[in-house]
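Residue 1444 in the numbering used here sits at position 97 of the sequence shown, with consecutive numbering throughout.
Note that the Cβ used here is the ideal one computed from N, Cα and C, for glycine as well.
Model, not experiment: these values are computed from the prediction.
Notes follow the structure.
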Amino acid sequence: MEQKNNVTEFVLLGLTQSVQGQKILFVLFLLIYIVTIVGNLLIIGTVMVSPTLDAPVYFFLGYLSFIDAVYSTTVTPDMIKDLLSKKKTISFQACMTQLFTWHFFGGADICLLAVMAYDRYVAICKPLHYLTIMSQRVCVLLLLLAWVGGFLHGIFHPLFVYNLPFCGPNVIDHFICDVYPLLKLACTDTHIIALTVLANDGTISVIIFTLLLISYGVILHSLKNVSQEGRRKALSTCGSHITVVLLFFVPCIFLYVRPPSTLPIDKSLTVFYTIMTPMLNPLIYTLRNSEMKYAIKKALDQRKKMRQLGNV
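This is the structure we're talking about:
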């Protein structure tokens, strides 16, 4: 694709213009990013080494943690760096790359949440056929579909933005390169493109969110025929997933299911589902899942014993 504009870089206004505020946010988001990476890597490592976590739900949970870690990394390190920079600039090509990767992993995250909802539906509503339906081949295929869905969603945005003419204004009132702030800078009518983005992002968010709510409604209805212990375990697992779904989808729907525009609150919502949610996911899944807590404790104990034997 040939770039057809006079802008080689963009200036990001960031979250605040206050120097003191930027320093506070630097420390805060650095700590959040460290917790995000450590927490998600802990889940990935535990799922990989623990023989008790071989069920499909943990297979998908491991990949969800991987996606969350990378999803946060597409934005957070640059934002942290910019908080200490006097001039917050990003090249045009880097902006397009961020736009793609951010929506790619965000789209994969959404698709994987839908896959995990299907997994829970099969596990609770068809327990006798669970391992047959959710075979390793099916799990890999569903994971591949999530990646493909994320890629198609991610490539959609830079394809529309890349060839737009940017004639002069290059200040983005945001801390990342997102599609609506970029469309505001284009020196051409972007109304049709904005509506197309709305149809894509908004439709995907609403449809998948609605399907997730319906699936969990069916699951909760089916629990009346399950034993008390099975009901408790199912509610614990499903409760964690529903919490993650709400934390991710509610901000997305507010941002993209409305007339194309930018609002001051958009930055805060973007921070929440891009930076906060990937940090909260490991905490939600570990705190509400006894099997995961036990596996993490066992893995850490084994690592501690190995370290002690190495020091002998």
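For residue i, which of helix, strand or coil comes out of DSSP?
i	result
residue 1583	helix
residue 1519	strand
residue 1549	helix
residue 1642	helix
residue 1441	helix
residue 1362	coil
residue 1525	coil
residue 1621	helix
residue 1513	coil
residue 1637	helix
residue 1569	helix
residue 1400	coil
residue 1578	helix
residue 1598	helix
residue 1591	helix
residue 1448	helix
Kindly indicate the opening and closing residues of the alpha helix (DSSP H) around residue i.
i	result
residue 1495	1483–1508
residue 1354	It is not in any alpha helix (DSSP H) - residue 1354 carries neither H nor E in the DSSP assignment.
residue 1367	1366–1396
residue 1406	1403–1420
residue 1476	Residue 1476 -> no alpha helix (DSSP H), and no H or E assigned at all.
residue 1428	1423–1430
residue 1533	Run containing residue 1533: none; DSSP gives neither H nor E here.
Would you mind reading off the limits of the beta strand (DSSP E) that contains residue i?
i	result
residue 1438	1436–1438
Determine the direct distance from the alpha carbon of residue j to that of residue i, and round the result to whole angstroms.
i	j	result
residue 1415	residue 1387	7 Å
residue 1547	residue 1454	11 Å
residue 1532	residue 1589	37 Å
residue 1529	residue 1519	7 Å
residue 1348	residue 1537	The pLDDT assigned to residue 1348 is 47, lower than 50, so where the model puts this residue is not dependable, and the model offers no usable value.
residue 1441	residue 1470	43 Å
residue 1597	residue 1525	18 Å
residue 1626	residue 1370	21 Å
residue 1544	residue 1399	43 Å
residue 1509	residue 1443	7 Å
residue 1663	residue 1527	Nothing about residue 1663 can be reported from this structure: the residues present for the chain run from 1348 to 1659 only.
residue 1489	residue 1364	44 Å
residue 1591	residue 1358	33 Å
residue 1704	residue 1451	Lying outside 1348 to 1659, the shown extent of the chain, residue 1704 is not represented and no answer is given.
residue 1603	residue 1549	5 Å
residue 1353	residue 1535	13 Å
residue 1475	residue 1404	16 Å
residue 1649	residue 1375	32 Å
residue 1402	residue 1467	11 Å
residue 1608	residue 1616	14 Å
Counting only the same chain and skipping the five closest in sequence on each side, list residues whose C-beta sits under 6 Å from that of residue i.
i	result
residue 1461	1555
residue 1448	1421
residue 1406	1486
residue 1480	1469
residue 1383	1419, 1625 and 1626
Near residue i, what residues of its chain come up, given a Cβ to Cβ distance below 8 Å and the 5 sequence neighbours on each side ignored?
i	result
residue 1472	1565, 1566 and 1569
residue 1499	1454
residue 1619	1594 and 1598
Excluding the five sequence neighbours on either side, which residues of its own chain have a C-beta within less than 7 Å of the C-beta of residue i, listed in chain order?
i	result
residue 1600	1552, 1553 and 1556
residue 1356	1436, 1437, 1438, 1439 and 1517
residue 1643	1389, 1393 and 1633
residue 1373	1427, 1430 and 1431
residue 1391	1409, 1412 and 1413
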